[in-house]
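In the working numbering, the protein residues as written are 338 to 483. Note sheet for the following structure.
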Amino acid sequence: MANISVLNFVRTKAIFHSKMRYSRERKSFDLLPLADTAHGVYFILDGDDILKIGKADGKNGLSGRISTYRANLSSRKNDHTVNKFYKNMLGPLMGKELEMYIYPLPPKSIEHEGYTLEGQMTRSLERILSIQAKSENNSMLLSGQD
């Protein structure tokens with residue numbers, strides 16, 4: 338484990354993106370859009386409690402990931418994480434204003450056996466930080482990982 342708590346990592350290394358509040362009518366979050374398509378890790382906080390650490394390593398990176406939270410989540414009812422969001426946003430987190438932070442982490446290219454390979458680190462960092470956040474007694478209420 339690192340010598341820095343995950344909360345301290347978020348507050349000092351990540352970029353504050355937006356406040357976010359769940360809209361029961363729209364079944365999505367009131368959250369600012371993001372144009373940056375860089376890959377990275379994102380964090381959802383309720384004050385000093387880390388609720389979710391996620392990765393954004395798809396084609397549209399952080400922009401694409403944030404757009405899924407802004408869209409109607411009901412179209413993804415069989416998704417474990419979405420179900421967890423419904424349960425908690427309509428329960429213990431109802432009416433709360435949360436915060437989203439982003440940590441851009443672009444892929445790195447490495448040479449291997451004459452080939453240029455793209456190394457993606459978001460999955461690894463997201464996993465390490467999630468494990469550490471749980472060990473630091475963050476609730477991780479919105480995390481799909483159990």
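Glycine included, each C-beta is placed from N, C-alpha and C at the ideal position.
> Span of the beta strand (DSSP E) holding GLU448?
Replying inline: 445-449
> For LEU478, which residues of its own chain have a beta-carbon under 6 Å away from its beta-carbon, when the five flanking residues on both sides are left out?
Replying inline: LEU388 and ASN425
> Taking just the CA atoms, how far does LYS433 sit from LYS396?
Replying inline: 31 Å
>> By the three-class DSSP mapping on this structure, what secondary structure does ALA393 have?
In response: strand
> Excluding sequence positions up to five away, which residues of its chain have a Cβ less than 7 Å from the Cβ of PRO444?
Replying inline: HIS376, GLU455, GLY456 and GLN457
> Buried or exposed: ILE447, going by 16 or more other Cβ atoms within 10 Å of its Cβ?
Replying inline: exposed
> Do you know offhand how far LEU435's Cα is from ARG464's?
Replying inline: 22 Å
> Which term fits ASP394, buried or exposed, when burial requires 16 or more other beta carbons within 10 angstroms of its beta carbon?
Replying inline: buried
> Between VAL378 and LEU462, which are expected to be in contact by the criterion C-beta below 8 Å, what is the C-beta distance as a whole number of angstroms?
Replying inline: 5 Å
> Between the Cα of VAL343 and the Cα atoms of LYS356, ASP383, LEU466 and SER480, which residue gives the shortest distance?
Replying inline: LEU466
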